[in-house]
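A.B. asks: Mapping of the sequence shown onto my numbering: position 34 corresponds to residue 65, and the numbering continues sequentially without gaps.
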Amino acid sequence: MSLKEKLTADYKAAMKEHDAVTKNTVNLVRAAIKQYEVDQRVELNEDADIVPIIKKQLKMRQDALSDFAKAGRMDLLEAYSKEIEILKKYLPEEMSVEAIREAIAKIASDAGLERTPKNMGVLMKQAMAQLKGKADGGLVSKVVKEFLKP
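1. What separation, rounded to the nearest whole angstrom, lies between the Cα atoms of L27 and A134?
2. Please tell me whether A79 and M126 are closer than 8 Å, where the distance is taken between their beta carbons.
3. Determine the burial state of T147: buried for a count of at least 16 other Cβ atoms within 10 Å of its Cβ, exposed for fewer.
4. At which residues does the alpha helix (DSSP H) containing A79 begin and terminate?
5. Identify which residue in K156, I81 and Q93 has its Cα closest to the Cα of R61.
6. Give me the Cα-Cα distance between E68 and D41, rounded to the nearest whole angstrom.
7. Under a Cβ-count criterion, where at least 16 other Cβ atoms within 10 Å of its own Cβ denotes burial, should K137 be classed as buried or exposed?
8. Please go through the same chain and pick out, in chain order, the residues whose beta-carbon is closer than 8 Å to the beta-carbon of V128, but skip the five residues on each side of it.
9. Tell me whether G143 sits in a helix, a strand or coil according to DSSP, three-state version.
10. Give a yes or no on contact between the segment 106 to 117 and the segment 51 to 66, applying the rule of three or more CB pairs nearer than 8 Å.
11. Given a cut-off of 8 Å, decide if A130 and F178 are closer than it, judged by their beta-carbon atoms.
12. CA-CA distance, A45 and A51?
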């Protein structure tokens, strides 16, 4: 079952179970996917294309948590925390730092790249192409910088 189909199935299940939080969260993700499809004039069928949209939705909610905490809005803080948990169910397991290190070392050796900072761009481009959707870009960048240090 693709991620898009899973979202639709979970939306229907949440409606039947009268689970408003899940229903609303899943519906917002489905709307974001549809909006992307309309804006870009494409149809997203691959999970790898849908994951960044879900990550964006997740990041928006995580960023809002600190604002709600500062404002003392515990009701919104609790609601967004539940939404974050729901969204995380649809994301693939992130690679560990050690797994990223191994992947970077393999990519560098396969490409014949020297361990010098000047190869940062080439290595990052290849690493992100292979690790798209599997690892956080910021973490990959950090590991590549660490790997390339003389």
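Using N, Cα and C, we set each Cβ at its ideal position, and we do this for glycine too.
C.D. replies: With the given structure in hand:
1. With the chain covering only 32 through 181, there is no way to say anything about residue 27.
2. no
3. exposed
4. D78 to A102
5. I81
6. 20 Å
7. exposed
8. L170 and V174
9. coil
10. yes
11. no
12. 7 Å
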